[in-house]
Structures are given as structure tokens and as C-alpha cells.
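Heads up, the thing below is written out as C-alpha cells.
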Amino acid sequence: MDIEQLQQFLKVAELGNFTRAAEVLSISQPALSRSIARLEEELGQPLFERQSRKVVLTDVGHLLQSRAHRIVSLVEDTKAEICDDGESGRVRLGAIPTIAPFFLPEMLSPFAKAFPKAHLTVQEDTTDNLLRRCQQGEIDLAILALPISAKHLEIEPLFEEELLLVLPVEHPLCAKKQIKLADVEPFPFVLLDEAHCLSDNIVTFCRHRSFNPISVERTSQLATVQELVSMNHGVSMIPAMAKKLDSSNRRVYRSLAGTKPTRKLAMIWNPYRFQCKLLERFKEHIRAFSQTHQP
1 MDIEQLQQFL KVAELGNFTR AAEVLSISQP ALSRSIARLE EELGQPLFER
51 QSRKVVLTDV GHLLQSRAHR IVSLVEDTKA EICDDGESGR VRLGAIPTIA
101 PFFLPEMLSP FAKAFPKAHL TVQEDTTDNL LRRCQQGEID LAILALPISA
151 KHLEIEPLFE EELLLVLPVE HPLCAKKQIK LADVEPFPFV LLDEAHCLSD
201 NIVTFCRHRS FNPISVERTS QLATVQELVS MNHGVSMIPA MAKKLDSSNR
251 RVYRSLAGTK PTRKLAMIWN PYRFQCKLLE RFKEHIRAFS QTHQP
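Quick note: the sequence shown uses the UniProt record's numbering, first residue 1, plus one each step.
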């Protein structure tokens with residue numbers, strides 16, 4: 001077996017599908033199938049149980065997955081350490097969907113100009129998936145919203161931002177000079193689905209003030225939340241960074257009077273993996289950018 005085979009095996013194990021894994025790896029499905037078949041032949045054991053629409057790991061597959069993660073990570077860290085010049089290399093950044101499109105473009109652009117030899121990749125995913133991928137070494141760094149429950153990961157808070165009430169432009173609350181949380185209580189909410197931590201931030205804030213928001217619709221995209229609010233399906237709370245990029249005149253953003261709902265952003269990384277000079281410089285860039293470009 002070789003490193004490329006193990007990387008291919010890990011991608012199939014992660015996605016549970018040969019076709020999707022082949023697309024991500026940019027190889028043909030027959031070539032990927034032959035690679036896994038050779039690996040199974042060498043080990044003398046099946047690694048996957050083939051089902052109708054997916055593949056699942058066998059007991060032997062689970063054992064190899066654990067060892068393969070360690071082997072691939074060790075090889076990648078060794079290469080990175082030997083070639084560590086602080087100017088070139090790869091940085092794999094992850095971010096949750098309520099951060100990635102609003103914070104990353106402006107933050108990444110100056111770093112890319114300052115380090116033209118660096119190769120930056122961005123992976124957008126849910127908090128749980130990013131934590132797992134960071135622990136396993138599939139990404140180097142992630143920007144998430146607190147609270148985070150994770151073992152063996154370094155967590156560094158970046159900044160706190162306000163969550164703004166968003167209303168359809170003709171909503172009766174728009175006429176009020178000040179809007180309190182109690183004023184919002186009678187109205188239904190449009191929220192992201194349960195995989196997104198932003199909904200937890202909103203619900204927790206409301207419940208701590210004896211108010212349980214009634215969710216009439218849930219969606220997976222923040223842009224869809226905004227559009228549903230515009231269509232008078234309900235109200236919601238949106239991060240300030242998202243409001244900055246919203247040029248629509250079909251919705252209104254208001255800051256709640258009194259104690260305001262907020263979320264805290266943080267970056268995380270695996271301190272048990274080799275931290276190359278380029279990654280350290282990237283972390284310093286994120287810190288500096290966060291201080292000067294807070295919403």
C-alpha cells in the first residue's frame with residue numbers, strides 16, 4: 001500500500017460513496033475502485049460493505065481508518081516541516097456557513113497578496129464536521145462560533161458581534177423607535193436548521209429571558225432566511241457581518257434595546273499537529289484582521 005491509496009481509502013470512508021469520492025479526488029470511479037480492490041487484496045480482508053446506494057466500513061475498515069489517519073498525518077507533517085520556509089505551502093481553512101461568505105473574502109485577500117506562494121483552500125461545513133476534520137488533520141484551522149465542546153483542540157476567541165433583528169419592510173415593529181425582546185415575542189421566527197449553531201445562539205438568548213421563540217420555518221442557508229423574512233414568513237436574527245453585505249431594500253435590520261443578542265467567534269486548530277511557519281503567520285493575520293474589521 002502507498003500514501004495515495006490510503007488517502008483514497010479515507011475519502012471513500014468519509015463520504016460513503018465511490019462516485020462522490022472519485023469526484024473530490026479528481027479521478028475516475030473505475031480507477032478508484034481498482035485502487036481500493038488492490039488494497040483489500042493486499043490485506044486479504046474487505047474494507048467496505050457494499051450496499052445499494054452507499055458503502056460502509058467493515059470492522060477491518062474501521063481499524064485501517066484509524067491507522068491511516070495517523071499515517072497520512074505523519075507523512076504530511078513531515079513534508080511540511082522539511083519544506084517549511086514560511087512563505088509557501090498549503091493552508092486548509094474551514095468555516096461555518098454563517099461566517100464563510102461574510103468574513104473570509106475580505107480577510108483572505110490581503111493574505112493571498114502578501115504570500116503569493118501560499119495555497120489557501122476553504123471548506124465550508126457545520127461545526128461538528130469541522131471539529132472532527134480538524135482533529136483528524138483534514139483541515140489546519142477553522143473559524144467557528146462559541147460555545148465549542150472539543151477535546152484536543154486549541155480554541156482562541158477572536159471577537160464578539162451583535163445579532164440584529166431582521167424584519168420585512170412593512171412589519172409593524174419597524175415603526176417603533178426602540179424594539180425590545182418582549183415586542184418580538186408574538187411573532188414567528190424563521191431559523192436555520194438544527195445543524196447550525198446560530199439557531200442555538202438565538203434560542204438560548206431568548207430562553208434566558210423567559211421567551212421561547214416559535215419557529216415556523218427552518219432552512220439550511222442564511223440567504224434563504226433573509227428572503228423568507230422579506231416575504232413576511234416571520235422575523236429572525238442575523239449576524240452583523242451578514243447585514244453589512246445585504247443591499248436589499250425589502251428588509252429592515254434593527255438593534256434590540258437593552259441586552260443585545262451576540263455570538264462570539266473563535267479560531268481552532270489541532271496543537272498536536274505540526275504548526276508550520278505559514279500557518280502561524282496566517283493565525284497572526286486572522287488576529288490582526290479581527291481586531292480592525294469587527295462588524
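Each residue gets a CB set at the ideal place from its N, CA and C atoms; glycine is no exception.
For the 9 Å CB-CB criterion, LEU165 and ILE179 form a contact. Nearest to PHE159 by C-alpha distance, out of PRO172, LEU167, ALA145, is ALA145. VAL56 and GLN7 have their C-alpha atoms roughly 17 Å apart. Under the DSSP assignment, LEU63 falls in the alpha helix (DSSP H) whose first and last residues are 59 to 82. Sequence-distant partners of SER236 (beyond 5 residues in either direction) whose C-beta falls short of 7 Å from its own C-beta, in its chain, are VAL166, PHE189, VAL190, LEU191, VAL225, VAL229. Using a Cβ distance threshold of 9 Å, ASP85 and LYS244 do not count as a contacting pair. Annotation: VAL252 to LEU32 spans about 51 Å, alpha carbon to alpha carbon. DSSP places MET237 inside the beta strand (DSSP E), whose first and last residues are 236 to 239. Bounds of the beta strand (DSSP E) holding LEU265 are 262 to 269. When PHE205, GLY234, ARG209, ARG207 are compared, the shortest CA-CA separation from THR219 is found for GLY234. The Cβ atoms of ASP140 and ARG273 sit closer than 9 Å to each other. The closest CA to that of ASN201, considering only LYS113, SER28, GLU162, is found on GLU162. The region 248 to 266 makes no contact with the region 127 to 136: fewer than 3 CB pairs, one atom from each, lie closer than 8 Å.
ALA195 carries a coil assignment under DSSP once its states are collapsed to helix, strand and coil. Residues of the same chain with a CB within less than 7 Å of the CB of GLU106, apart from the 5 flanking positions on each side, are HIS293 in chain order. Assignment of beta-bridge partners to PHE159 by DSSP yields LEU265. A straight-line Cα-Cα distance of about 9 Å links ALA142 and VAL122.
Taking C-beta atoms as the reference points, LEU256 and ILE238 fail to come closer than 9 Å. Annotated three-state conformation of VAL184 is helix, per DSSP. Non-local C-beta neighbours of ALA195 in its own chain, meaning closer than 6 Å and more than five positions away in sequence, comprise THR126, ordered along the chain. A contact between stretches requires three or more CB pairs, one per stretch, nearer than 8 Å, and the region 57 to 68 meets this requirement with the region 28 to 48. Close CB contacts of LYS260 within its chain, under the 8 Å cut and outside five residues either way in sequence, are with GLU162, LEU163 (chain order). In this structure, MET231 is the residue among MET231, LYS151, PRO116 with its C-alpha nearest to the C-alpha of GLU170.
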